[in-house]
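Undergrad: Sequential numbering from 878 applies to the sequence shown in the working numbering. Note that beta-carbon positions come from the ideal geometry of N, C-alpha and C, so glycine has one too. Quick one: this structure, given as structure tokens, is what I'll be asking you about.
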Amino acid sequence: MTKAAVFGTGSWGTTFAMILAESGNRTTLWGRRPELVAGIQSSHANLDYLPGVALPPSLRATTDPAEALDGADFVVLAVPSQSLRANLTGWREHIPSDAVLVSLMKGVELNTTKRMTEVIREVAGVPEERVAVVSGPNLAKEIAQRQPAATVVACTDESVAASLQKACHLPPWFRPYTNTDVVGVELGGAVKNVIALAVGVAVGMGMGDNVAAMLMTRGLAEISRLGAALGADPHTFAGLAGMGDLVATCTSPLSRNRTFGENLGRGMTLAEVVAATRQTAEGVKSCESVLELARKHDVEMPITEVVVGVVHDGMSPAEAGMLLMSRSPKPERYGV
């Protein structure tokens, strides 16, 4: 029987652990908070992040990373992206030598501008064929409620992607597709959070569907431009890990990044929104590293620039909108 260790008891980590357990894998969920882990063990529920959702009795939970990692075939990482490096440094000595490391995270590391799989490879010292990423329109609450969803499982080694696909395929409500474009799948997941912040700000200001559609469409162009500069397959951005994830994150009230942006658009300060937000909105920090990455590769990303301005540099939402709409006109071409 395949064994999986999932690190992170947030909504998506717990939901993905559910999927693995119900797909027949021996699954252990690691968490840092003893009271939350004890609740999962005793009552098969994560009341903090998935209230009302019954977790499978076969799903175990622990605060001991060595126990979780013992004999694991898949090591699934679902911690906040900016804490990955420090966490993984503490866990790496316990990771089995042949395990596949799987990223559920959607961010770009501050200062280094590395994608999460690059951080994993660097810290854990594993080759790229043993690192995979799962990304797509995957709002955890809906999936935990057994609503149908699909995702993309990407690895440069197609056989590894296929083995992970088999491990998390759970008919009829969770359908994974494989891809070998790790760069494109990761960028789609990370940058869509930034665009969702922009859409949220516009919604919070009282703007309508035309503005949301404009930001999503031009946001996809920004994602595609950056992807092209980093060698991604442009077709990836038309799929689940690109357009699919972007639409879900920009339109759903369950989206943390859209909700964060809405509160900014309504006039709350960054500190006020952070204080009112229980879970990590990855785009808040990653917008800076995404913009830095774009500048390193001479890629123009005007929506990302104004998001950084509003979130971190004191720009008002009204100023951001004026800057975007006052840019010089140009032809519309794919990825331009």
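Rounding to the nearest angstrom, what Cα-Cα distance links T1157 and V1151 in this structure?
TA: Roughly 9 angstroms between the two C-alpha positions.
Undergrad: By a C-beta neighbour count over all protein chains shown, 10 Å radius and 16 as the cutoff for buried, is P1053 buried or exposed?
TA: With 16 or more Cβ atoms within 10 Å of its Cβ, P1053 is classed as buried.
Undergrad: Who are the near neighbours of L1041 in its chain, counting only those whose CB is closer than 6 angstroms to its CB and skipping five residues on each side?
TA: Same-chain partners within the cutoff: A1009 and V1030.
Undergrad: What's the call for M878, buried or exposed, on a 16-neighbour Cβ count within 10 Å?
TA: It counts as exposed.
Undergrad: If you run the structure through DSSP and keep just helix, strand and coil, what is P911?
TA: Three-state result, P911: helix.
Undergrad: Rounded to the nearest angstrom, what separates L978 and F951 at their Cα positions?
TA: Distance between the alpha carbons of L978 and F951: 6 angstroms.
Undergrad: When burial is assigned at 16 or more other CB atoms within 10 Å of the CB, is T905 buried or exposed?
TA: T905 is buried by the Cβ-count criterion.
Undergrad: Could you name the residues of the same chain whose beta carbon sits closer than 6 angstroms to that of V1080, not counting the 5 residues immediately before and after it, in chain order?
TA: Excluding positions up to five away in sequence, the list reads E1139.
Undergrad: Tell me the DSSP secondary structure of K1043 in three-state form.
TA: DSSP places K1043 in helix when its eight states are reduced to three.
Undergrad: Between the Cα of T1057 and those of S1101, E970 and T1113, spot the shortest distance and give me the residue it belongs to.
TA: If we check each option's Cα against that of T1057, T1113 comes out closest.
Undergrad: If you draw a straight line from the alpha carbon of G1186 to that of K1043, how long is it in whole angstroms?
TA: Their backbone Cα atoms lie some 43 angstroms apart in a straight line.
Undergrad: For the candidate residues H1189, V930 and R992, whose alpha-carbon lies nearest to that of P957?
TA: Closest by alpha carbon: R992.
Undergrad: I need the boundaries of the beta strand (DSSP E) containing P1053, first residue and last residue.
TA: It spans F1051 to N1056 - the beta strand (DSSP E) in which P1053 sits, taken as one unbroken run.
Undergrad: In chain order, what residues of the same chain lie with their CB nearer than 7 angstroms to the CB of I896, ignoring the 5 residues before and after it?
TA: Contacts found: C1045, L1047 and F1051.
Undergrad: For the putative contact between A963 and K880, defined by C-beta atoms under 8 angstroms, what is the C-beta separation to the nearest angstrom?
TA: So it is not a contact: roughly 25 angstroms between Cβ atoms.
Undergrad: Can the beta-carbon of P1014 be found closer than 8 angstroms to that of A1125?
TA: Yes.
Undergrad: Taking only runs of the beta strand (DSSP E) that begin and end inside the region 878 to 966, which ones reach a length of at least 3 residues, in chain order?
TA: Counting whole runs of 3 or more residues, the region 878 to 966 contains the beta strand (DSSP E) stretches 880 to 884, 903 to 907, 937 to 939 and 951 to 954.
Undergrad: May I have a chain-ordered list of the alpha helix (DSSP H) segments no shorter than 4 residues that lie completely inside the region 989 to 1023?
TA: The qualifying runs are 993 to 1001 and 1017 to 1021.
Undergrad: Whole-angstrom Cβ separation of A1021 and T892, contact assumed at under 8 angstroms?
TA: About 5 angstroms; that satisfies the 8 angstroms criterion.
Undergrad: Where does M1202 land, buried or exposed, given buried means 16+ other C-beta within 10 angstroms?
TA: M1202 comes out exposed.
Undergrad: At what residue ranges does the region 1067 to 1128 contain a whole run of the alpha helix (DSSP H), taking only runs of 4 or more?
TA: The qualifying runs are 1086 to 1106 and 1122 to 1128.
Undergrad: For a test of the three-state rule: what should DSSP assign to L1131, helix, strand or coil?
TA: Coil, per DSSP.
Undergrad: Just reading off the beta strand (DSSP E) that S980 is part of, what are its end residues?
TA: Counting along the chain, the beta strand (DSSP E) containing S980 begins and ends at V977 to S980.
Undergrad: What does the alpha-carbon distance come out to for the pair L954 and K983?
TA: Cα to Cα, the separation comes out at about 11 angstroms.
Undergrad: Would V914 and A945 be called neighbours here (beta carbons separated by less than 8 angstroms)?
TA: No, the pair does not count as a contact, with Cβ atoms beyond the cut-off.
Undergrad: Which stretch, first to last residue, makes up the alpha helix (DSSP H) that contains V1188?
TA: Unbroken alpha helix (DSSP H) run through V1188: P1179 to H1189.
Undergrad: Alpha carbon to alpha carbon, how far is V1003 from S1012?
TA: Using only the alpha carbons, I get a separation of about 21 angstroms.
Undergrad: Any heavy atom of the ligand FAD within a distance shorter than 7 angstroms of the CB on A1115?
TA: With respect to the ligand FAD, the structure shown offers nothing to examine, as it has no ligands at all.
Undergrad: Which residue wins for smallest C-alpha separation from W889, given the options T1028, P1194 and E986?
TA: It is T1028.
Undergrad: Quick check on T1028: does DSSP put it in helix, strand or coil?
TA: It is a strand residue.
Undergrad: Could you name the residues that DSSP lists as bridge partners for V985?
TA: Bridge partners of V985: R992.
Undergrad: How many angstroms separate the CA atom of L1117 from the CA atom of P1025?
TA: So the two alpha carbons sit approximately 14 angstroms from each other.
Undergrad: For the 8 angstroms Cβ check, are there 3 or more pairs between the region 1089 to 1105 and the region 1063 to 1075?
TA: Yes, the region 1089 to 1105 is in contact with the region 1063 to 1075.
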